[in-house]
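Everything on this sheet refers to the single structure shown next.
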Amino acid sequence: MFLHRNLLKCFIAVFFLSCSELTPLYLQDEETQQKISNINIHPIAGRYGVYLKNELVETFGANLNKEGENNYVLKADISLSTGSVESFNSDGTASRSGAYVSISYTLYDERGCSIFSKETSTEATYNSKSGGYNFGNIASQRAALKRNIEFNVKQIYPQIYNAIKNKSEQKNPVAPFYSIDKFQWC
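Terminal number for the sequence shown in the numbering used here: 1451, no gaps in between.
Right, here's the structure in full:
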């Protein structure tokens, strides 16, 4: 009986000591939040590239870098496609079509080194039946693409936040790389 109590006490002590440095998953520290709001988002080509840039600025915050210090740079590239009929009506016409958005993100630190790179894809469907008028199809398609972009940005935000928060320390070059002119060590 005495052995079981001691074993239980040891187990509880080990359990509490092993969990002593845990932090909440969604705890946002002020330093990382400041870095996130100082991300310089490069322009993105295309009609929906402007919408993507505006969504990124809204999600990450405006560039508050007033002191001229170096900050992170986010480059994004978007590709869109539509099609792939989802369902058919009894007369054989399509009633829903798909809208696909693929966005590749690359985040560079203040030295110009890539610290995060990922491509995410999302898919949504939209109503392609609009009483014989094409405007309803175009409006539904645009709304579906915008929803995809919004969801895609919300999905990537925590990953970029963690990349900035958990960025590794700067590495120092070793002997052979000292002789290379303008060598950038990442």
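All C-beta atoms, glycine included, are put in the ideal place defined by N, C-alpha and C.
- If you look at LYS1318, you'll find it in the alpha helix (DSSP H) that goes 1312 to 1325.
- Sixteen is the threshold: when 16 or more other Cβ atoms of the shown chains lie within 10 Å of the Cβ of VAL1418, as they do, the residue is buried.
- Taking C-beta separations shorter than 7 Å and ignoring five residues to either side along the sequence, the partners of GLY1348 in its chain run SER1362 and GLY1363, following chain order.
- ASP1342 is bridged by DSSP to SER1369.
- The C-beta separation of ASP1374 from ILE1380 comes to about 5 Å, placing the pair in contact by the 8 Å criterion.
- Contact between the segment 1381 to 1391 and the segment 1404 to 1416 is present: 3 or more CB-CB pairs across the two stretches fall below 8 Å.
- Counting along the chain, the unbroken alpha helix (DSSP H) around ILE1301 starts and ends at 1295 to 1302.
- With a cutoff of 8 Å on beta-carbon distance, ASN1271 and ASN1303 are scored as not near each other.
- When secondary structure is reduced to three states using DSSP, LYS1419 falls in the helix class.
- Rounded to the nearest whole angstrom, the CA to CA distance from PHE1276 to SER1382 is 42 Å.
- Scanning THR1324, ALA1278 and GLU1296 for the CA closest to the CA of ILE1306 turns up THR1324.
- Take ARG1412, set aside five residues on each side of it, and the residues of its chain with a beta-carbon closer than 6 Å to its own are ALA1389, in chain order.
- No residue range can be given for TYR1337, since it is assigned to no beta strand (DSSP E) and is classified by DSSP as neither H nor E.
- Approximately 5 Å separates the beta-carbon atoms of ILE1429 and LYS1300; this is inside 8 Å, confirming the contact.
- TYR1426 and GLN1406 have their C-alpha atoms spaced approximately 31 Å apart.
- Looking at the DSSP output, GLU1388 bridges to TYR1365.
- Here the C-alpha atom of LEU1345 lies approximately 11 Å from the C-alpha atom of ALA1409.
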